[in-house]
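Report on one structure; see the data block that follows.
Numbering (our numbering), first residue to last: 1125 to 1230.
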């Protein structure tokens, strides 16, 4: 069974505001996750944050973007939140937002 990438509607809305190069990079890494499986894609593309939460790491001319995601039943990878990174570590509010959205997905 193939992996499937889903983007939470709220994250999709956030992603539409991103610079084109960062958005394209996030989506390309999402394609790698579905093509090869999350267990076969590692740093520098993705990194484990905590518990079930992972991040896609994308950089471009206009900055550094992150997409927080989790893996759920049915071989689904769900992007929960995206943001432009301005500090060394993911802001706690972004992590908390992603965890809340993850709970919405069951």
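Just so you know, even glycine gets a beta-carbon here, dropped at the ideal spot from N, CA and C. Predicted model only: the values in this text are computed from it and were never measured.
If I measure Cβ to Cβ from residue i and keep anything under 6 Å in the same chain, skipping five residues before and after, which residues do I get?
i: residue 1228; result: none
i: residue 1158; result: 1127 and 1129
I'd like the list of long-range same chain contacts for residue i, defined as Cβ closer than 8 Å, with 5 residues on each side in sequence excluded.
i: residue 1205; result: 1132, 1134, 1135, 1138, 1191, 1192, 1218, 1221, 1222 and 1225
i: residue 1146; result: 1182, 1183, 1184, 1186, 1187, 1188, 1189 and 1208
My assumption, with CB atoms under 8 Å, is that residue i sits in contact with residue j. Please give the rounded CB distance.
i: residue 1214; j: residue 1173; result: 7 Å
i: residue 1168; j: residue 1201; result: Not a contact, Cβ separation roughly 18 Å.
i: residue 1209; j: residue 1195; result: At roughly 22 Å, the Cβ-Cβ gap does not stay under 8 Å, so residue 1209 and residue 1195 are not in contact.
Would you list the one or two residues that DSSP bridges to residue i?
i: residue 1196; result: 1200
i: residue 1206; result: 1191
i: residue 1130; result: 1202
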